[in-house]
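S.K.: Under the UniProt record's numbering, the first residue of the sequence shown is numbered 1, with each subsequent residue one higher.
Ideal Cβ placement from N, Cα and C applies to all residues, glycine included.
In this text, all values refer to a predicted model and were calculated from it rather than measured experimentally.
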Amino acid sequence: MTQHEAYSQFAKYTKQQLIHMLASETAIQIRTASDVYSPIMDRLEKYRYKEQEHFFCITLNSAHEVINIHLVSLGLLNRTLVHPREVFKHAIKDNSAAIIIGHNHPSGSLDPSAEDKDITRRMKIAGGILGIKVLDHIIVSPTKGYLSMLEMNLL
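Below, the structure written as C-alpha coordinates:
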(Lines of atoms letter the chains of each structure in order from A and count residues from 1; the text may use other names and numbers.)
(Lines give C-alpha, C1' and ligand atoms only; values in the text may rest on other atoms or scores of the structure.)
Protein backbone atom coordinates (compact mmCIF):
# COMPACT_ATOMS: atom_id res chain seq x y z
CA MET A 1 0.00 0.00 0.00
CA THR A 2 1.40 3.39 -0.96
CA GLN A 3 1.47 6.33 1.39
CA HIS A 4 -1.24 8.02 -0.70
CA GLU A 5 -3.48 4.93 -0.46
CA ALA A 6 -2.99 4.79 3.29
CA TYR A 7 -3.84 8.47 3.61
CA SER A 8 -6.92 8.06 1.39
CA GLN A 9 -8.20 5.31 3.66
CA PHE A 10 -8.37 7.74 6.61
CA ALA A 11 -9.09 10.99 4.75
CA LYS A 12 -12.84 10.34 4.88
CA TYR A 13 -12.79 10.65 8.71
CA THR A 14 -12.58 13.82 10.77
CA LYS A 15 -9.87 14.21 13.38
CA GLN A 16 -12.46 13.66 16.14
CA GLN A 17 -13.70 10.45 14.49
CA LEU A 18 -10.15 9.09 14.23
CA ILE A 19 -9.46 9.93 17.89
CA HIS A 20 -12.70 8.24 18.91
CA MET A 21 -11.84 5.12 16.86
CA LEU A 22 -8.40 4.90 18.47
CA ALA A 23 -9.77 5.53 21.97
CA SER A 24 -12.41 2.83 21.62
CA GLU A 25 -9.74 0.28 20.71
CA THR A 26 -7.70 1.14 23.80
CA ALA A 27 -10.57 2.03 26.14
CA ILE A 28 -10.09 1.92 29.89
CA GLN A 29 -13.28 1.51 31.90
CA ILE A 30 -13.60 3.43 35.16
CA ARG A 31 -15.71 2.16 38.08
CA THR A 32 -13.69 3.08 41.21
CA ALA A 33 -10.92 5.49 42.14
CA SER A 34 -8.35 2.71 41.90
CA ASP A 35 -9.53 2.16 38.31
CA VAL A 36 -8.61 5.78 37.62
CA TYR A 37 -5.35 5.69 39.47
CA SER A 38 -3.94 2.34 38.32
CA PRO A 39 -4.34 2.01 34.53
CA ILE A 40 -3.86 5.66 33.65
CA MET A 41 -1.43 6.59 36.40
CA ASP A 42 1.32 7.03 33.84
CA ARG A 43 -0.77 9.86 32.37
CA LEU A 44 -1.56 11.35 35.81
CA GLU A 45 1.98 10.83 37.10
CA LYS A 46 3.12 14.13 35.64
CA TYR A 47 0.72 15.99 37.94
CA ARG A 48 1.97 14.39 41.17
CA TYR A 49 5.32 16.19 41.22
CA LYS A 50 4.32 19.66 40.02
CA GLU A 51 5.34 22.56 42.26
CA GLN A 52 2.04 24.35 41.74
CA GLU A 53 -1.49 23.03 41.70
CA HIS A 54 -2.77 21.60 38.41
CA PHE A 55 -6.49 20.93 38.03
CA PHE A 56 -7.46 18.25 35.49
CA CYS A 57 -10.62 16.71 34.11
CA ILE A 58 -10.96 13.11 32.90
CA THR A 59 -13.79 12.83 30.40
CA LEU A 60 -15.69 9.54 30.16
CA ASN A 61 -18.19 8.05 27.74
CA SER A 62 -21.47 6.39 28.80
CA ALA A 63 -19.61 3.12 29.54
CA HIS A 64 -17.25 5.14 31.80
CA GLU A 65 -14.33 4.60 29.45
CA VAL A 66 -11.72 7.34 29.33
CA ILE A 67 -12.08 9.69 26.38
CA ASN A 68 -9.37 12.16 27.35
CA ILE A 69 -7.54 13.89 30.19
CA HIS A 70 -7.52 17.69 30.05
CA LEU A 71 -5.49 20.19 32.04
CA VAL A 72 -8.09 22.75 33.13
CA SER A 73 -6.08 25.25 35.14
CA LEU A 74 -2.73 26.03 36.70
CA GLY A 75 -2.75 27.42 40.18
CA LEU A 76 -0.39 28.69 42.79
CA LEU A 77 1.70 26.73 45.24
CA ASN A 78 -1.29 25.71 47.34
CA ARG A 79 -4.45 26.60 45.45
CA THR A 80 -5.95 26.85 42.01
CA LEU A 81 -8.89 28.79 40.67
CA VAL A 82 -11.29 26.76 38.61
CA HIS A 83 -14.71 27.58 37.20
CA PRO A 84 -17.30 25.01 36.09
CA ARG A 85 -17.32 26.61 32.63
CA GLU A 86 -13.65 25.66 32.14
CA VAL A 87 -14.19 22.09 33.33
CA PHE A 88 -17.37 21.35 31.43
CA LYS A 89 -16.26 22.88 28.12
CA HIS A 90 -13.96 19.85 27.76
CA ALA A 91 -16.74 17.45 28.74
CA ILE A 92 -19.11 19.02 26.21
CA LYS A 93 -16.50 19.01 23.42
CA ASP A 94 -15.76 15.34 24.14
CA ASN A 95 -19.50 14.53 24.30
CA SER A 96 -18.91 13.04 27.76
CA ALA A 97 -21.51 11.28 29.85
CA ALA A 98 -19.46 11.73 33.02
CA ILE A 99 -16.24 13.23 34.32
CA ILE A 100 -13.74 12.75 37.10
CA ILE A 101 -12.04 15.90 38.31
CA GLY A 102 -8.74 16.02 40.10
CA HIS A 103 -5.78 18.07 41.14
CA ASN A 104 -2.43 17.72 42.81
CA HIS A 105 -1.33 18.88 46.25
CA PRO A 106 2.33 19.94 45.95
CA SER A 107 2.57 19.95 49.76
CA GLY A 108 2.20 16.17 49.83
CA SER A 109 -0.90 16.27 52.01
CA LEU A 110 -3.92 14.40 50.74
CA ASP A 111 -6.34 16.14 53.08
CA PRO A 112 -9.00 17.95 51.02
CA SER A 113 -9.28 21.62 51.93
CA ALA A 114 -12.58 23.44 52.45
CA GLU A 115 -11.99 24.95 49.01
CA ASP A 116 -11.52 21.46 47.48
CA LYS A 117 -14.86 20.39 48.97
CA ASP A 118 -16.55 23.57 47.72
CA ILE A 119 -15.20 23.11 44.19
CA THR A 120 -16.47 19.52 44.21
CA ARG A 121 -19.92 20.65 45.35
CA ARG A 122 -20.06 23.37 42.65
CA MET A 123 -18.97 20.92 39.94
CA LYS A 124 -21.62 18.40 40.99
CA ILE A 125 -24.31 21.10 40.79
CA ALA A 126 -23.11 22.28 37.36
CA GLY A 127 -22.84 18.70 36.13
CA GLY A 128 -26.38 17.99 37.29
CA ILE A 129 -27.68 20.94 35.29
CA LEU A 130 -25.76 19.83 32.19
CA GLY A 131 -26.54 16.13 32.55
CA ILE A 132 -22.85 15.25 32.96
CA LYS A 133 -22.25 13.33 36.17
CA VAL A 134 -19.21 14.08 38.34
CA LEU A 135 -18.12 10.62 39.48
CA ASP A 136 -15.21 11.56 41.73
CA HIS A 137 -12.66 14.17 42.71
CA ILE A 138 -9.14 12.73 42.94
CA ILE A 139 -6.28 14.43 44.77
CA VAL A 140 -2.78 13.24 43.88
CA SER A 141 0.35 13.78 45.94
CA PRO A 142 4.08 13.35 45.32
CA THR A 143 4.49 11.27 48.47
CA LYS A 144 1.25 9.52 49.32
CA GLY A 145 -0.40 8.45 46.07
CA TYR A 146 -3.99 9.60 45.82
CA LEU A 147 -7.22 10.30 47.68
CA SER A 148 -10.68 9.69 46.28
CA MET A 149 -13.32 12.03 47.64
CA LEU A 150 -15.93 9.45 46.65
CA GLU A 151 -14.22 6.70 48.64
CA MET A 152 -13.91 9.08 51.61
CA ASN A 153 -17.68 9.81 51.40
CA LEU A 154 -16.96 13.46 50.60
CA LEU A 155 -18.71 13.54 47.24
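If you run the structure through DSSP and keep just helix, strand and coil, what is LEU130?
M.R.: Here LEU130 sits in helix by DSSP.
S.K.: On the DSSP letters alone, give me the boundaries of the beta strand (DSSP E) that VAL66 sits inside.
M.R.: 66-74 is the span of the beta strand (DSSP E), which, as asked, contains VAL66.
S.K.: Could you give the DSSP three-state label for ASP136: helix, strand or coil?
M.R.: Of the three classes helix, strand and coil, the one that applies to ASP136 here is strand, per DSSP.
S.K.: Return yes when the Cβ of VAL66 is within less than 7 Å of the Cβ of VAL87, no when it is not.
M.R.: It is not a contact, given that the beta carbons lie outside the stated cut-off.
S.K.: Report the residue from ILE125, LYS133, PRO112 and ILE129 whose alpha carbon sits nearest the alpha carbon of ASN153.
M.R.: Nearest of ILE125, LYS133, PRO112 and ILE129 to ASN153, Cα basis: PRO112.
S.K.: Which whole-angstrom value is the C-beta distance of ALA98 and LEU135, which I expect to be below 8 Å?
M.R.: Confirmed, Cβ separation roughly 5 Å.
S.K.: Bridge partners of ASN104, per DSSP?
M.R.: Bridge partners of ASN104: VAL140.
S.K.: Work out the CA separation of PRO106 and LYS144 for me, nearest whole Å.
M.R.: Approximately 11 Å, taken between the alpha carbons.
S.K.: Of the residues ASN95, LEU74 and GLY75, which one's Cα is nearest the Cα of residue 156?
M.R.: With the chain covering only 1 through 155, there is no way to say anything about residue 156.
S.K.: What's the call for GLY102, buried or exposed, on a 16-neighbour Cβ count within 10 Å?
M.R.: Buried: at least 16 other Cβ atoms inside 10 Å.
S.K.: For ASN68, which option in LEU60, GLY75 and LEU74 has the closest C-alpha, if you only look at C-alpha atoms?
M.R.: Here the closest residue by C-alpha is LEU60.
S.K.: Just checking my contact of HIS90 with HIS70 at CB under 8 Å: how many whole Å lie between their CB atoms?
M.R.: HIS90 to HIS70, Cβ: 4 Å. Contact.
S.K.: Which of the three DSSP states, helix, strand or coil, is assigned to PHE10?
M.R.: Note that PHE10 scores 45 on pLDDT, short of 50, meaning its location in the model is unreliable and no value can be drawn from it.
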